[in-house]
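In order, the protein sequence lines correspond to chains A and B.
Residue 435 in this note's numbering sits at position 435 of the first sequence, with consecutive numbering throughout.
With the second sequence counted from 1, adding 534 to any position gets you this note's numbering.
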Amino acid sequence: MNRFLLLTCLAASLGAQTLDPRTLTLFHQPPDIWPTYNGDYSGRRYRTLDQINQSNVGDLQLDWSFKIEGIPPLRGVGKAVIKSTPLMVNGVLYFTVPDHVFAVDARTHKKLWQFDWQDQGGHLLGQRGVGMYGNWLYFLTPDGWFFSLNAKDGSVRWRKKVADEKLQYFTTMSPLIVKNHVLIGVGGDAMDVRGYLESRDPETGDLEWRWWSEPQKPGDPGADTWPNQAAMDHGGGMTWMPGTYDPELNLLYWGTGNANPVFAGQSRKGANLWTASIVALNPDTGKLVWWFQASPHDTHDWDNVETPVLFDAVIDGKPRKLLAQGARCGWFFVLDRTNGKALVSKPFSGTGNWAKGVDDKGQPIPDPAKEPKVDGSMIDMPAMGATNWQPPSYDPETELFYLNGTEGYGLAYLYDTSNEPEGYGGGGSETFDARSALFALDIRTGNTRWKHEIPHGEGSISGGILTTSGKLLFTGDSSSVAAFDPATGKILWHHRLAAPVSNGPSTWTLDGKQYVIVGAGDTLYAFTLKGAKP
Amino acid sequence: MLAPAQQHDMHTYLGLGSAPDAAAAKLGEPLYKQNCAACHGEDARGAQGPNLVRSTLVLHDEKGHDIGQVVKSGRPEGGMPAFPNLTDQQIYDIAEYLHVQVENAANRGLYNSLYSKQRSQTTGDPTKGRQFFAEHCASCHSATGDLAKIADKFPEAAEMQERFLWPASREPRRATVTTASGQTISGTILKIDDFDVSLRDAAGQMHEWPRDQVEVKLEDKLAGHRALLPVYKDADLHNLTAYLLTLK
Chain A
1 MNRFLLLTCL
11 AASLGAQTLD
21 PRTLTLFHQP
31 PDIWPTYNGD
41 YSGRRYRTLD
51 QINQSNVGDL
61 QLDWSFKIEG
71 IPPLRGVGKA
81 VIKSTPLMVN
91 GVLYFTVPDH
101 VFAVDARTHK
111 KLWQFDWQDQ
121 GGHLLGQRGV
131 GMYGNWLYFL
141 TPDGWFFSLN
151 AKDGSVRWRK
161 KVADEKLQYF
171 TTMSPLIVKN
181 HVLIGVGGDA
191 MDVRGYLESR
201 DPETGDLEWR
211 WWSEPQKPGD
221 PGADTWPNQA
231 AMDHGGGMTW
241 MPGTYDPELN
251 LLYWGTGNAN
261 PVFAGQSRKG
271 ANLWTASIVA
281 LNPDTGKLVW
291 WFQASPHDTH
301 DWDNVETPVL
311 FDAVIDGKPR
321 KLLAQGARCG
331 WFFVLDRTNG
341 KALVSKPFSG
351 TGNWAKGVDD
361 KGQPIPDPAK
371 EPKVDGSMID
381 MPAMGATNWQ
391 PPSYDPETEL
401 FYLNGTEGYG
411 LAYLYDTSNE
421 PEGYGGGGSE
431 TFDARSALFA
441 LDIRTGNTRW
451 KHEIPHGEGS
461 ISGGILTTSG
471 KLLFTGDSSS
481 VAAFDPATGK
491 ILWHHRLAAP
501 VSNGPSTWTL
511 DGKQYVIVGA
521 GDTLYAFTLK
531 GAKP
Chain B
535 MLAPAQQHDM
545 HTYLGLGSAP
555 DAAAAKLGEP
565 LYKQNCAACH
575 GEDARGAQGP
585 NLVRSTLVLH
595 DEKGHDIGQV
605 VKSGRPEGGM
615 PAFPNLTDQQ
625 IYDIAEYLHV
635 QVENAANRGL
645 YNSLYSKQRS
655 QTTGDPTKGR
665 QFFAEHCASC
675 HSATGDLAKI
685 ADKFPEAAEM
695 QERFLWPASR
705 EPRRATVTTA
715 SGQTISGTIL
725 KIDDFDVSLR
735 DAAGQMHEWP
745 RDQVEVKLED
755 KLAGHRALLP
765 VYKDADLHNL
775 TAYLLTLK
C-alpha cells in the first residue's frame, strides 16, 4: 500500500491531470486509477478491489449517472452508444463516442469539458476511448484523424492524418501507450485495403514505425501464403482493437482482422498471413517476433481482434507466461506468450466443424468444403462469429477465462464468383437457434466450466466483463447490469438500466469508496455500496 | 432483404460520400466499354491497365473532376493515351459509371438485390430433397397441406433455405406461468429475460413477475427444427431447398 500512496502523491505533485507512467503496469496498479482501455497492460480486466464483494453486493446501488446530451445524431447510426471504457485518472473520467470526447469529474459527475469533431467520412459504429500520456489525451476520429488533446481542457495540441477514409479505412480504437510510443490501429474492410499498425511519437504525433498486416512483396517472409502482389496489397487484416503488452518480454500483442475480399477467397489462395492472427511485435521497432493464426485463409469475416489476455499460471507444475484469446472464429486459444505455441486450441461454440483439425502450432486447419458457397455452406456456430470486441476477463483466483459469446448455426454465401472478387463478395446468414451465453473457460483444458445461456428472445449477455477480488463478475444481462459468482455462474445481483450494457465494466476507488462503472447506450452509470462513506 | 431505405442507410453509415448518379452511370457504361474497357477490363477491375474500382484516384474523385484530368491529358508515362474528344458530360457519365462499380463492391447493403441471381441458385437435387422431406419433415409438415405453394411465398433459394432452417417468427411467444401459490396462467409473452417475465392472458389482462418467483414453461414450436440443425449436411440443405422450390 505504501507504493500506492507514494504514486498518488507523485501524481498529485506533477499536476492535476497528469498520468504517472509508473501506473502503466502488466498486472497491478493503484486502486484509484484506470489508466488504459483495459485498466492494465494484461487485458485481464481483473481488479484487486474487494470493498464490494459477495457478502454485500446486494447493497450495491446507483450512485450517479451521466447522460450524453446535446450532440447531433451520429450519421447512419443515430443515438450515441458508449463502447469506450472510461479512463479514470486523478478523479477525472475520460470517455468517448464517435466524434466526441467527454471529461467528467468523478466526484461531482459534472462535465468538465467536451471535444467535438465534424467527420468527413468513415464508419461511426464505435469508439473505444482515449489513450493518455502525461497530461495529453490521444483520440482517433472515424475519418482517420489522430488528435492530441490537453487533458485539462480538451484543447487541441495537434492532429495528424493516419488513415484515408476515402479508401474505406476508419479509426475507432483507443490508442495504447507503451513507453514513449502511441500505438494506433485502423479498421475498414469494405474496399479491400491492407491493415497496418503504427507507432507514433507522443509529443509530435510523427510516425515512428508502421507494421503492415501483409508481407510487402513476393519473396518476403509470409509471401508464400499469398498468390501474388495484388492479393497482398488488398488483403485486409485490420488492427482495430487495442492490444496488450508485456514489459518484461518487451512484446506487444495485437490481433488482426479478417482477410479481404471478405467472403470470397478465390483470388487469395493460401493462409493469408498475417490476417486473422495474433502477432507479437517489438514495440520499439515494429518487428514481428512470432504469430499465431486463428483463422487461416479466413472466409467468414472473423476478425481476430478480441483482446489477447496476458496472465501467468502454473501448468503441469511449471510457472508459465500465457496469453489467452476467445476468438471470433469460435475457438479458445491459450498460448505460451514467449513463442506463440498453443497449449490449448479448442472450440467453445459448436464443434469447430469449419476446420479439419489443428496443425503442429495448434492453428486450426480450415476445411475448404466449409468455405462460403453460392447456395450456402453451414457451420455449427454463428456465421459472423461466436464472439466479438466485447472485452473478456481472466480471474487469477478461479483461473477461468470469461467471454460474452453466442452459439447456434449459420450459413455463409459466396456472391462474387469472378476471378477477381471485391469488397465482401458474399455474406453470412442470421444465426439459427441463437443462444447468447456468458462462458467460463478452463485455461488448462479449454473446457467450458460453466455457462450462463440465454435462449433467443429472452435477452442476451451484453457488453464486456470485469472480475474482482471481491469474488464478483460484472457484465450486462439483457437490459440489466448483473453480478455473477465467477466460480459458479450464479447471479448475485442485478440493476435494470435504460439500455443494455454497451461497454466493458470497470472499477476503481475514489476517496476510499469503490465504484463500478458501466456504459449503457448514451449513459454512464456509477454504482457504490449503500451507506459507503468516503 | 434490405428495404431501399436501409440500403441508403448502409451507404450513409459506411460514409461512402455522395451517392453515384445512376442515370449518368447508365449513359457512361457504353462509353466506358468503348473507350476504357480494352485496357481496364470489362468491369473496370483491371486488365493490362490498372483496376479502377480499387483506384485511389477514383475513390477520391468527386463527380469526375479528378478522373476527367487524367482522361483528358492521359498518362503518357504509364502508356495511357489522352482522350481529348470526350466531352465533359461524357467524362462525368464515365466517372459515375465507375462510382457505381465502387458502390456495388463497397456497399454490402446492396448485395441481396445485386446478387439476387446467385441467391436464387441451388445445386440441390429435388428428388433427393423429397426423400429427405419424407424422412425428416413429413411428421409435422405436408407438401400439399401447410406447405402447398410455399415456393410462391419464398421464391428465392437462399430465403427458402433460411426459412426452413429456422422460421424465427415461430419462436416462443406463448407461455404458461406457475406462481409460488400453484396458480397457472397462460398467455402471450410480452417480455422475458433472466429477471422478469410478463404476459397477456386470454382475457387481455397483463401479468408480471420476477423470474425467480415463478416457473415459466415456454411453448416451443421449433423443437423439430432445432433437432435437425446438427443432422443436415450441406447437400441435404441444397436438396431440400430444391424440392421446396418445386412447391408452386
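Ideal Cβ placement from N, Cα and C applies to all residues, glycine included.
Just so it is clear, the structure is predicted and the values come from calculations on it, not from any experiment.
According to DSSP, is B/Ala-709 helix, strand or coil? strand
Can you tell which of B/Ala-557, B/Ala-677, B/Tyr-631 has the C-alpha that lies nearest to the C-alpha of B/Leu-593? B/Tyr-631
With a 10 Å radius around its C-beta and 16 neighbouring C-beta atoms as the bar for buried, classify A/Leu-414 as buried or exposed. buried
State the CB to CB distance for the pair A/Ser-349 and A/Thr-467, rounded to an integer number of angstroms; the pair is presumed to be in contact (CB under 8 Å). Rounded, the Cβ-Cβ distance is 21 Å, inconsistent with contact.
So, does the stretch 75–83 of chain A touch the stretch 124–136 of chain A, judging by three or more C-beta pairs under 8 Å? yes
Give me the DSSP bridge partner(s) of A/Val-501. A/Ala-520
In or out: A/Val-314 buried (at least 16 other Cβ within 10 Å) or exposed? exposed
Can you list, in chain order, the residues of the stretch 422–433 of chain A whose Cβ is nearer than 9 Å to any Cβ on chain B? Glu-422, Gly-423, Tyr-424, Gly-425, Gly-426, Gly-427, Ser-429, Glu-430, Thr-431, Phe-432, Asp-433
Residue-chain proximity (B/Ala-639, chain A), Cβ-Cβ < 9 Å: yes
Can you tell me whether A/Gly-385 is buried or exposed, with buried defined as 16 or more other CB within 10 angstroms of its CB? buried
Residues of chain A with a CB under 7 Å from the CB of B/Glu-705: which are they? His-456, Gly-457
Does DSSP put A/Tyr-196 in a helix, a strand or coil? strand
Boundaries (first-last residue) of the beta strand (DSSP E) holding A/Phe-332: 331–336
Contact between the stretch 549–565 of chain B and the stretch 633–642 of chain B: three or more CB pairs below 8 Å? yes
Backbone secondary structure at B/Ala-761 - three-state DSSP: helix
Near-chain A residues of the stretch 673–707 of chain B (beta-carbon distance less than 7 Å), N- to C-terminal order: Ala-691, Ala-692, Gln-695, Glu-696, Leu-699, Trp-700, Glu-705, Pro-706
Taking only beta-carbon atoms, is A/Asp-522 less than 9 Å away from chain B? no
For a test of the three-state rule: what should DSSP assign to A/Arg-44, helix, strand or coil? coil
Using a Cβ-Cβ cut-off of 6 Å (strictly less than) and excluding sequence neighbours within five positions of A/Ala-526, which residues of its own chain qualify? Asp-63, Trp-64, Tyr-515, Ile-517
In chain A, what lies closer than 7 Å to B/Gly-551 by C-beta? Gly-121
If we ignore side chains and look at the alpha-carbon of each, how far apart do B/Asp-680 and B/Glu-690 end up? 19 Å
At least one CB of chain C closer than 9 Å to the CB of B/Met-544: is that the case? Here the protein chains are A and B, and chain C is not one of them.
Counting contacts by CB-CB distance shorter than 9 Å, is A/Thr-417 in contact with chain B? yes
In this structure, does DSSP put B/Thr-775 in helix, strand or coil? helix
Looking at C-beta atoms only, is the number of pairs between the stretch 23–35 of chain A and the stretch 478–495 of chain A that lie closer than 8 Å three or more? no
Would you call the stretch 245–261 of chain A and the stretch 420–432 of chain A in contact, with 3 or more CB pairs under 8 Å? yes
In angstroms with no decimal places, state the Cα-to-Cα distance between A/Asp-301 and A/Phe-170. 17 Å
Please identify the residue among A/Thr-256, A/Glu-453, A/Trp-291 whose C-alpha is closest to the C-alpha of A/Gly-362. A/Trp-291
Assigned exposure category for A/Ile-365 - 16 Cβ within 10 Å defines buried: exposed
Pairwise C-alpha distance: B/Gly-738 and A/His-297: 55 Å
Beta-ladder partner(s) of A/Met-173, from DSSP: A/Met-173 is not bridged to any residue.
DSSP has A/Lys-321 in a bridge; who is on the other side? A/Asp-312
Got a sec? Which residues, its chain only, sit under 6 Å from A/Thr-48 by beta carbon, not counting five neighbours each side? Ser-469
Nearest residue (CA-CA) to B/Asp-746, options B/Asp-728, B/Leu-586, B/Arg-708: B/Asp-728
If you count every other CB in all the chains shown that lies within 10 Å of the CB of A/Asn-404, and 16 or more means buried, which is it? buried
At the level of alpha carbons, what is the spacing between A/Asn-304 and A/Trp-240? 10 Å
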